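Peer 1: Protein chains in written order, with numbering that gives the first Met the number 0: chain A, 0 to 166; chain B, 0 to 187.
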Amino acid sequence: MATPTYDLLASTTLTSSASSVTFSSIDQTYGDLILVVDGFAASQSVNFLLAPNGDKINGSSVAAYGSGSSAASYTTSRIDVSFFGVSTTSVGLGVAQIMDYSATDKHTSFLSRVNETEAAGGSSSTSTGMIASRWASTAAITSLEIYSSTAYSYAAGSTFNLYGVAK
Amino acid sequence: MSLMLLGILNSQAAGGGGGAYDLLETTTLTSSASSVTFSGLGSYSDYAHLQIRLIARGNRSATIADTLLQINGDTGSNYAKHALFGTGSSVGSFGTASTSNIQIGITPASTNTANLFGPSVVDILDFNSTSKNKTVRSLFGNAGSTSFIGFYSGLWADTEAVTSLLIYPQANDFIAGSRFSLFGLKGN
């Protein structure tokens, strides 16, 4: 029997700037999570990184992107949902698939599609691409923090939505 | 200032009825298997599109193994595929025509990072149509000892409605713990 799914678990739109957003006590009955972020900077550049269960250490990512004039690939030692970050005038959109987040027999894998768009267009800060990430832990994810390594804040109006997909 | 959202609740318990995006079937392997098949898809004719969400690992003696798809048991050279990918140090693209399968992922295999399983999200568009060839697209990747991120498309050059999907690794088996879930998306 078909099971309706893609359920909104939590949603927030910032009404004032914030340096991070945390979803906690995440329901453990779904198979996957989908995180949708759409944000920009309050003052100076911010990026979108994930800390499952507060862990900012045990992440890694591989990314591929195009900037409009060239394409490249790189790796990082963190869980990214952005490439270079966004400013007060550009917007970062990331959709992260968080697979088997409640499993305890495997590391958690993330698949993200990312767009960073400059309002003026054609800027060096404009890019589109994809990222695969791994959290090197077999613990179930019970909380998820979205934060910026630049230590600056997300602007009011930035949105963060978390969905659950059945398995 | 940080924002903390406490006490997320499951606001919509799963089960019953039908929505615009529904879980149809799930197979989670309890032992190794050389393939996974979703069959009898004609019974899902009230959906427009299918999506496979899988997370798998193989036991090939290598760091990775391709994850492959055949439709309706067709083993002929009736498929094509195009790829855009990154390895962490380079990006690339290729296309192949007249092949015997569509690549929908790359799974970590025996010598890759322990406990790493590779995800793919695969869309199969207008699978009930009998007037057009079928198009598949997939996003997949993993960040292990051999890292990879890819966005691939595939074509099955046949206008038959899709009634079965065979998912299999390039060599050997998928191991226990690998999960394959099939979803339906409503349309007109």
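Don't be surprised by glycine CBs; every beta carbon is placed ideally from N, CA and C. Keep in mind that this is a model prediction, so the values were computed, not measured.
1. In terms of alpha-carbon separation, which member of A:Ala-17, A:Ala-102 and A:Ser-108 lies closest to A:Thr-28?
2. Going along chain A, which residues have a C-beta under 7 Å from B:Val-120?
3. Excluding sequence positions up to five away, which residues of its chain have a Cβ less than 6 Å from the Cβ of B:Arg-136?
4. In angstroms, rounded to a whole number, what distance separates the CA positions of B:Phe-173 and B:Asn-127?
5. Residues of chain B with a CB under 9 Å from the CB of A:Arg-133: which are they?
6. Under three-state DSSP, which class holds A:Asn-38?
7. Determine the closest residue to B:Leu-181 out of B:Thr-158, B:Ser-30, B:Thr-134 and B:Ile-54, with distance taken between C-alpha atoms.
8. Would you report the Cα separation of A:Asn-46 and A:Leu-92, rounded to the nearest angstrom?
9. CB B:Ile-63 to CB B:Ile-105, shorter than 7 Å?
10. Excluding the 5 residues flanking A:Val-35 on each side, which residues of the same chain have their C-beta closer than 7 Å to its C-beta?
11. Could you have a look at B:Leu-40 and say whether DSSP puts it in helix, strand or coil?
12. Distance, Cα to Cα, A:Ser-66 vs A:Ser-89?
13. I'd like the span of the beta strand (DSSP E) that includes A:Glu-115, first residue to last.
14. Whole angstroms is fine: what's the gap from B:Thr-129's alpha carbon to B:Ile-166's?
15. By the DSSP assignment, the beta strand (DSSP E) with B:Leu-124 in it spans what residues?
16. By a C-beta neighbour count over all protein chains shown, 10 Å radius and 16 as the cutoff for buried, is A:Ile-145 buried or exposed?
17. Counting C-beta neighbours from all protein chains within 10 Å, is the total for B:Gln-205 16 or more, i.e. buried, or is it exposed?
18. In chain B, which residues lie less than 7 Å from A:Asp-104 when you measure between Cβ atoms?
19. Should B:Asn-187 go down as buried or exposed, given a rule of 16 or more other Cβ atoms within 10 Å for buried?
Peer 2: A quick look at the data gives this:
1. As a first step, residue 28 of chain A must be located in the first sequence, where it is residue number 29. Of the listed residues, the one whose Cα sits closest to A:Thr-28 is A:Ala-102.
2. Position 121 of the second sequence, counted from the first residue, corresponds to residue 120 of chain B. Ordered by position in chain A, the residues that pass the 7 Å Cβ test against B:Val-120 are Gln-96 and Leu-110.
3. For the purposes of this step, residue 136 of chain B is identified with residue 137 of the second sequence, where counting begins at 1. Answer for B:Arg-136: Asp-122 and Ser-152, listed in chain order.
4. Stepping through the second sequence from its first residue, residue 173 of chain B is reached at position 174. Stepping through the second sequence from its first residue, residue 127 of chain B is reached at position 128. Each residue's Cα considered, the two are about 28 Å apart.
5. Here residue 133 of chain A corresponds to residue number 134 of the first sequence, with the count starting at 1. The answer, in chain order, is Thr-112, Leu-115, Asn-141, Ala-142, Gly-143 and Ser-146.
6. Taking the first sequence and counting its residues from 1, one reaches residue 38 of chain A at position 39. According to the sequence provided, residue 38 of chain A is Gly. The question's Asn does not apply to it. Here A:Gly-38 sits in strand by DSSP.
7. As a working mapping, residue 181 of chain B is identified with position 182 in the second sequence. Of B:Thr-158, B:Ser-30, B:Thr-134 and B:Ile-54, the residue nearest in Cα terms is B:Ile-54.
8. Start at 1 with the first residue of the first sequence, and residue 46 of chain A comes out as number 47. Start at 1 with the first residue of the first sequence, and residue 92 of chain A comes out as number 93. The alpha-carbon atoms of A:Asn-46 and A:Leu-92 are separated by roughly 10 Å.
9. Numbered from 1 along the second sequence, position 64 holds the residue referred to as residue 63 of chain B. Numbered from 1 along the second sequence, position 106 holds the residue referred to as residue 105 of chain B. The answer is yes: Cβ separation under 7 Å.
10. Working through the first sequence from its first residue, we reach residue 35 of chain A at position 36. Around A:Val-35: Val-94 and Asn-160.
11. Taking the second sequence and counting its residues from 1, the one referred to as residue 40 of chain B is at position 41. Three-state result, B:Leu-40: helix.
12. Along the first sequence, read from residue 1 onward, the residue named residue 66 of chain A stands at position 67. Along the first sequence, read from residue 1 onward, the residue named residue 89 of chain A stands at position 90. The straight-line gap from Cα to Cα measures roughly 14 Å.
13. One-based indexing of the first sequence puts residue 115 of chain A at position 116. Note, A:Glu-115: beta strand (DSSP E), 107 to 117.
14. The residue you call residue 129 of chain B lines up with position 130 of the second sequence. The residue you call residue 166 of chain B lines up with position 167 of the second sequence. For B:Thr-129 and B:Ile-166, the distance between alpha carbons rounds to 22 Å.
15. If you number the second sequence from 1, residue 124 of chain B lands on position 125. Residues 117 to 124.
16. Numbered from 1 along the first sequence, position 146 holds the residue referred to as residue 145 of chain A. Buried: at least 16 other Cβ atoms inside 10 Å.
17. It is not possible to answer for residue 205 of chain B, since the shown part of chain B is limited to 0 through 187.
18. Within the first sequence, numbered from 1, the residue matching residue 104 of chain A stands at position 105. Correct list: Gly-176.
19. By one-based count along the second sequence, residue 187 of chain B stands at place 188. B:Asn-187 is exposed by the Cβ-count criterion.
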